[in-house]
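Engineer:
Here you go:
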């Protein structure tokens, strides 16, 4: 039986299966097919998923931050090159109608000990040109569902990779705002900040759970790995808080290495910096709420 | 009145005032005189001390991890070049008879955004050659008082800077051991681990207090800064736990920059890695104590 695979609708970074290029595919049953690249990276990522998915020392509440792995399968590649081995993963946005998504690459470097000089030079140039060195993370891409326009708004890749500190901060505010998407003149209102970033099921509380694990885990070093943030903004507007379905997933494990008894201080440092940025958005939107509340009080 | 200044007895890293070279001096009243270097570094360090010592937003329990600053003073330089401006600091080992000391440079890089290419290249070469990149810290130097020999044991600088992961781990075990100093064939016994690293006043608990501050502070980025660990091992042997006088101090602020609203993820990541190493030493020595206790029980 031939599976009906298609190009994912909601990818915001990485190789994209378009115009006859090789990239990931999805089916209608919530599975994501990621081609094993020709070089060692694909093999390394599959090896990581094999190791991680069967690792009993990783607690269940941590396993849920990673896409479920269903092994590898030969499927028709998106570039028409015939059947190629693909990793079969959970499609983390399956079940969302109009997910807003952001991909944030964590760490203050994307290179690591023992890489080739060529790879080192390529990485460090990009790390210095983006916020990787200065912030310990860089936004790789995002898209936001604009419920007024009933369409997605997404900034150009070139613009995103050109962010400095203020650009990254603004993107994290914009990501949870209902206004000012295409319009850069008005300030993001952070209307969804408390529903998406805050609360006991929100992004911040998930990031803090990950942080606690990274403070002690010495199994893996997650070089060049991303945090994916997903939520459904339409459902917040329609049904209220419990439906934001805010979710954090770790993705991209082509450069994961054994930890060898050392914590992943590169990922952890960047994660702590990212957490501080999310907290800052939450705090400023809390203050805004209070100001609004005061305004209402005073207007009585 | 001419002050009687002398070369510090207990310096384990940095420029040393010996053989007519420029370096720090101490007096008999617990003060440490650090010459302002000719280039911007000295000025930058003095500027940091001025800013930090008067910063009321830094909590008191954090101020105590930094040497007290008494301003600058013109004193006779150690290299015979006449009077030079010196920062007047607290001599953190004043009052100790025979302090064991370790200097650990924190961070997975010693360079930072906007440095010259020359400085960047010099730093990254050393960061990759030492454990700075792999561990997020490197041991810069240490000395241990050997109470059997009544003298200090210290490894050569070249040896210390050549440590890999295992070397750094061994140094942190050796630092709190009463055996195997010059003898590399027997394993360090970690006899002082629980007195020095453990307990409510020990190194670990001080490091955790610093970590909590670094998770939120966005005032300063402590590039190329060191943690100094000091304790008095003789007094443990003579008087017991409360006299280890284990102390953590941050030193070397020539490359501190404004945080500009971003946490120091480089220092924090390295600090978390260092904390994990200290915890590992403590845990292995706890296990050893239990084994010993079992041995005694069984021998009854």
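Chains as they are written, first to last, in my numbering: chain A, 43 to 342; chain B, 43 to 342.
In this text, a Cβ means the ideal position worked out from N, Cα and C, and glycines have one as well.
Pop quiz: residue 52 of chain B and residue 154 of chain B are said to be a contact at Cβ under 8 Å. What is the actual Cβ separation, rounded to whole angstroms?
Structural biologist: Here residue 52 of chain B corresponds to residue number 10 of the second chain, with the count starting at 1. Here residue 154 of chain B corresponds to residue number 112 of the second chain, with the count starting at 1. That belief does not hold up - the Cβ atoms of residue 52 of chain B and residue 154 of chain B are roughly 29 Å apart, past 8 Å.
Engineer: Using a Cβ-Cβ cut-off of less than 9 Å, give me the residues of the segment 288-313 of chain A that come near chain B, in sequence order.
Structural biologist: Correct list: 302, 303, 304, 305, 306, 307, 308, 309, 310, 311, 312, 313.
Engineer: Please classify residue 225 of chain A: is it buried, with 16 or more other beta-carbons within 10 angstroms of its beta-carbon, or exposed?
Structural biologist: Within the first chain, the letter at position 183 stands for residue 225 of chain A. With fewer than 16 other Cβ atoms within 10 Å, it is exposed.
Engineer: What are the start and end residues of the alpha helix (DSSP H) that includes residue 64 of chain B?
Structural biologist: Start at 1 with the first residue of the second chain, and residue 64 of chain B comes out as number 22. Note, residue 64 of chain B: premise wrong, no alpha helix (DSSP H); not H, not E.
Engineer: Quick check on the burial criterion: 16 or more other C-beta atoms within 10 angstroms. Buried or exposed for residue 174 of chain B?
Structural biologist: Taking the first residue of the second chain as position 1, residue 174 of chain B is located at position 132. Counting Cβ neighbours within 10 Å, residue 174 of chain B comes out buried, since at least 16 surround it.
Engineer: Going by DSSP, name the residue or residues bridged to residue 231 of chain A.
Structural biologist: Along the first chain, read from residue 1 onward, the residue named residue 231 of chain A stands at position 189. According to DSSP, residue 231 of chain A bridges with nothing at all.
Engineer: Going along the chain, which residues of its own chain have a beta-carbon closer than 8 Å to the beta-carbon of residue 232 of chain B, five neighbours each way excluded?
Structural biologist: Working through the second chain from its first residue, we reach residue 232 of chain B at position 190. Excluding residues within five positions, the ones whose Cβ falls inside 8 Å are 215, 218, 219, 323, 326, 327, 330.
Engineer: Cutting at 7 Å between CB atoms, please list the residues of its own chain near residue 199 of chain A, excluding the five before and the five after it.
Structural biologist: Within the first chain, the letter at position 157 stands for residue 199 of chain A. These residues qualify, in order along the chain: 183.
Engineer: Do residue 107 of chain A and residue 290 of chain A come within 8 Å of each other at the CB atom, strictly closer than that value?
Structural biologist: Counting from 1 along the first chain, the entry for residue 290 of chain A is found at position 248. Counting from 1 along the first chain, the entry for residue 107 of chain A is found at position 65. Yes, the pair counts as a contact, with Cβ atoms nearer than the cut-off.
Engineer: What residues from chain B crowd round residue 318 of chain A, counting only those whose CB sits closer than 8 Å?
Structural biologist: For the purposes of this step, residue 318 of chain A is identified with residue 276 of the first chain, where counting begins at 1. Result: 257, 258, 260, 304, 305.
Engineer: For residue 177 of chain B, return the contacting residues in chain A, with the cut-off set at a CB-CB distance below 8 Å.
Structural biologist: As a first step, residue 177 of chain B is located in the second chain; it is residue number 135 there, counting from the start. Those within 8 Å of residue 177 of chain B in chain A are 304, 307.
Engineer: Rounded to whole angstroms, what's the CA-CA distance from residue 129 of chain B to residue 310 of chain B? Just pull it up for me.
Structural biologist: As a position in the second chain, residue 129 of chain B is number 87, starting the count at 1. As a position in the second chain, residue 310 of chain B is number 268, starting the count at 1. Roughly 27 Å between the two C-alpha positions.
Engineer: Would you mind giving the Cβ-Cβ distance between residue 357 of chain B and residue 157 of chain B, rounded to the nearest angstrom? I have them listed as a contact below 8 Å.
Structural biologist: Since the first and last residues shown for chain B are 43 and 342, residue 357 of chain B lies out of range.
Engineer: Anyone know if the C-beta pair for residue 116 of chain A and residue 76 of chain A falls short of 8 Å?
Structural biologist: For the purposes of this step, residue 116 of chain A is taken as residue 74 along the first chain, with counting starting at 1. For the purposes of this step, residue 76 of chain A is taken as residue 34 along the first chain, with counting starting at 1. Cβ distance not < 8 Å, so residue 116 of chain A and residue 76 of chain A don't count as in contact.
Engineer: Name the DSSP beta bridge partners of residue 170 of chain A, please?
Structural biologist: Position 128 of the first chain, counting from 1, holds the residue named residue 170 of chain A. According to DSSP, residue 170 of chain A bridges with nothing at all.
Engineer: Taking the alpha carbon of residue 61 of chain A as the reference point, which residue from A:72, A:48, A:319 has its own alpha carbon closest?
Structural biologist: Residue mapping note: residue 61 of chain A aligns to position 19 of the first chain, counting from 1. Residue 61 of chain A has its Cα closest to that of A:48, out of A:72, A:48, A:319.
Engineer: Compute the beta-carbon to beta-carbon distance between residue 114 of chain B and residue 82 of chain B, rounded to the nearest angstrom, for a pair I have assumed lies under 8 Å.
Structural biologist: As a working note, residue 114 of chain B is residue 72 in the second chain. As a working note, residue 82 of chain B is residue 40 in the second chain. So it is not a contact: roughly 15 Å between Cβ atoms.
Engineer: Taking Cβ to Cβ, would you say residue 305 of chain B is nearer than 8 Å to residue 249 of chain B?
Structural biologist: Taking the first residue of the second chain as position 1, residue 305 of chain B is located at position 263. Taking the first residue of the second chain as position 1, residue 249 of chain B is located at position 207. No; because the gap between Cβ atoms is not below 8 Å, this pair is not in contact.
Engineer: Just how far apart, CA to CA, sit residue 256 of chain A and residue 295 of chain B?
Structural biologist: For the purposes of this step, residue 256 of chain A is taken as residue 214 along the first chain, with counting starting at 1. For the purposes of this step, residue 295 of chain B is taken as residue 253 along the second chain, with counting starting at 1. Distance between the alpha carbons of residue 256 of chain A and residue 295 of chain B is about 28 Å.
Engineer: Exposed or buried, which one is residue 263 of chain B when buried takes at least 16 other CB atoms within 10 Å?
Structural biologist: Translated into the one-based positions of the second chain, residue 263 of chain B becomes position 221. So residue 263 of chain B counts as buried.
Engineer: Please tell me whether residue 238 of chain B and residue 205 of chain B are closer than 8 Å, where the distance is taken between their beta carbons.
Structural biologist: Position 196 of the second chain, counted from the start, is the residue given in the question as residue 238 of chain B. Position 163 of the second chain, counted from the start, is the residue given in the question as residue 205 of chain B. Contact flag unset, no.
Engineer: Could you say which of B:212, B:72, B:274 lies nearest to residue 245 of chain B if we only look at CA atoms?
Structural biologist: By 1-based counting over the second chain, the position of residue 245 of chain B is 203. Nearest C-alpha to residue 245 of chain B: B:274.
Engineer: Quick check on residue 87 of chain B: does DSSP put it in helix, strand or coil?
Structural biologist: Against the second chain, residue 87 of chain B aligns to sequence position 45. Of the three classes helix, strand and coil, the one that applies to residue 87 of chain B here is helix, per DSSP.
Engineer: Are the CB atoms of residue 179 of chain B and residue 312 of chain B within a distance shorter than 8 Å?
Structural biologist: One-based indexing of the second chain puts residue 312 of chain B at position 270. One-based indexing of the second chain puts residue 179 of chain B at position 137. Against a cut-off of 8 Å, the Cβ pair of residue 179 of chain B and residue 312 of chain B comes out as a contact.
Engineer: Since residue 207 of chain A meets chain B, which of its residues come closer than 8 Å, beta carbon to beta carbon?
Structural biologist: Numbered from 1 along the first chain, position 165 holds the residue referred to as residue 207 of chain A. The answer, in chain order, is 302, 303, 304.
Engineer: Buried or exposed: which applies to residue 101 of chain B, given that a residue is buried once 16 or more other Cβ atoms fall within 10 Å of its Cβ?
Structural biologist: By one-based count along the second chain, residue 101 of chain B stands at place 59. So residue 101 of chain B ends up on the exposed side.
Engineer: Can you give me the Cβ contacts of residue 63 of chain B inside the same chain, cut-off strictly under 8 Å, excluding the 5 residues immediately before and after it?
Structural biologist: Residue numbering aside, residue 63 of chain B sits at position 21 when the second chain is read from its first letter. Closer than 8 Å at Cβ, skipping near neighbours: 57, 120, 121.
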